[in-house]
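First up is the structure itself, then whatever we jot down about it.
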Amino acid sequence: MGRRVTSPRDLAAAPGAVPGAAPGASPGLIWRPLAVADAGLWADLLEAITRRDGGHEHFSAEDLVEELAPDWIDLAADSVLAVDGEGRARAFGLVQLRPGDLLVLPFDEELARDPGLDERVRLAHNEAFADHWGSQPQTPEAWRSWFTGGRSFRGGWSFVVRDGDEVAGYALSAAHEADWAVWGFTEGWTQVLGVRRPWRGRGVATALLSASMHAFAAAGLDHAGLDVDAENWSGAVSLYTGLGYQVIHRSAFWAKDV
């Protein structure tokens, strides 16, 4: 088993508004949200990127105005544009949550609306981990004891992804406060992260971990941590390293047939 930890402030914290000058940005760049009036600047930037990378897609300003037209796009929150002193666009970012996309929902809030959610998450967990080495199905009593009913459980740092009434994935978090004084730092601990097979490969796990790290950062914690089986076949190790988690401790599990 390997334990991975990173600072949520480095990876997950986001400003409430796009700042005028991004920390660590190149001198002379102004960072601001995209506007429809920037379509020409944006088109020029995309064309320069296409030429540099040898791409084959080309966009006119009119194409990009159309790209920004859907009413689900909030340019103030979902976009950023870097402009140099001569008024040329140098970088951009645009993230869209399209209608129908899966939403990451706070566990506590959803449980208040739907008291049966905890049981459905338990069943989703048993299904998601049925093909994991060493995993055993959780009974309702064991589930409450080890996870959602434990003193260290933090529902406000835990999240669930629902597709209609179906639980697609979940991330349950804890605070092991007795460790903090010994370690000299605070940590949000992901007790368990699971995605049911029909929803794998759709970014559900990444979204859940990102939401958890945002919650840890909002709570003022220093780090995010979790355990992972280093031989995990599902690609979990690359998921965590891709999000910036690093190995700080390894342990081994020994067994013998009798």
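Numbering (the working numbering), first residue to last: 9 to 266.
For glycine and all other residues, C-beta sits at the position ideal for the given N, C-alpha and C.
What residues are listed by DSSP as bridge partners for residue i?
{"i": "serine 181", "result": "Arg162 and Thr198"}
{"i": "isoleucine 38", "result": "Val91"}
{"i": "valine 175", "result": "Arg170"}
{"i": "valine 203", "result": "Gly177"}
{"i": "proline 114", "result": "Phe167"}
Nearest by alpha-carbon distance to residue i: which of the options is it?
{"i": "serine 166", "options": "Gly124, Arg210 and Ala215", "result": "Ala215"}
{"i": "leucine 102", "options": "Glu185, Val88, Phe261 and Trp151", "result": "Val88"}
{"i": "valine 255", "options": "Leu54, Gly233, Ser68 and Glu94", "result": "Gly233"}
{"i": "tryptophan 154", "options": "Asp173, Val168, Gly177 and Arg130", "result": "Arg130"}
{"i": "threonine 156", "options": "Asp235, Asp61 and Pro123", "result": "Pro123"}
{"i": "histidine 66", "options": "Pro35, Gly48 and Asp265", "result": "Gly48"}
{"i": "leucine 251", "options": "Ala69, Lys264 and Ser218", "result": "Ser218"}
{"i": "phenylalanine 100", "options": "Leu53, Tyr253 and Pro78", "result": "Leu53"}
Cβ of residue i within 9 Å of Cβ of residue j?
{"i": "aspartate 116", "j": "glycine 163", "result": "yes"}
{"i": "glutamate 135", "j": "arginine 40", "result": "no"}
{"i": "leucine 247", "j": "alanine 225", "result": "no"}
{"i": "alanine 97", "j": "tryptophan 151", "result": "no"}
{"i": "phenylalanine 137", "j": "glycine 202", "result": "yes"}
{"i": "proline 145", "j": "glutamate 127", "result": "no"}
{"i": "serine 181", "j": "phenylalanine 161", "result": "yes"}
{"i": "leucine 113", "j": "valine 44", "result": "no"}
{"i": "alanine 179", "j": "valine 200", "result": "yes"}
{"i": "valine 91", "j": "isoleucine 38", "result": "yes"}
{"i": "tryptophan 141", "j": "glutamine 104", "result": "no"}
{"i": "alanine 183", "j": "glutamate 174", "result": "no"}
Could you tell me if residue i is buried or exposed, where buried requires 16 or more neighbouring beta carbons within 10 angstroms of its beta carbon?
{"i": "histidine 231", "result": "buried"}
{"i": "arginine 170", "result": "buried"}
{"i": "leucine 111", "result": "exposed"}
{"i": "serine 259", "result": "exposed"}
{"i": "tryptophan 197", "result": "buried"}
{"i": "histidine 133", "result": "buried"}
{"i": "aspartate 82", "result": "exposed"}
{"i": "proline 31", "result": "Low confidence applies to proline 31: its pLDDT is 49, below 50, so where it sits in the model is not reliable enough to give any reading."}
{"i": "tryptophan 262", "result": "exposed"}
{"i": "aspartate 46", "result": "buried"}
{"i": "valine 190", "result": "exposed"}
Need the endpoints of the alpha helix (DSSP H) that residue i sits in, please.
{"i": "alanine 97", "result": "No alpha helix (DSSP H) contains alanine 97, which is instead part of the beta strand (DSSP E) from 97-102."}
{"i": "leucine 72", "result": "69-75"}
{"i": "aspartate 126", "result": "125-136"}
{"i": "aspartate 86", "result": "83-86"}
{"i": "glutamate 149", "result": "148-151"}
Go to residue i, then tell me how far its beta strand (DSSP E) extends in each direction, as first and last residue.
{"i": "glycine 48", "result": "Here glycine 48 belongs to no beta strand (DSSP E); instead the alpha helix (DSSP H) covers 47-61."}
{"i": "proline 78", "result": "Element bounds for proline 78: n/a, residue is neither H nor E."}
Looking at the C-beta of residue i, does it have a partner C-beta in chain C at a distance below 9 Å?
{"i": "threonine 147", "result": "The chain inventory of the structure shown lacks chain C, comprising one protein chain alone."}
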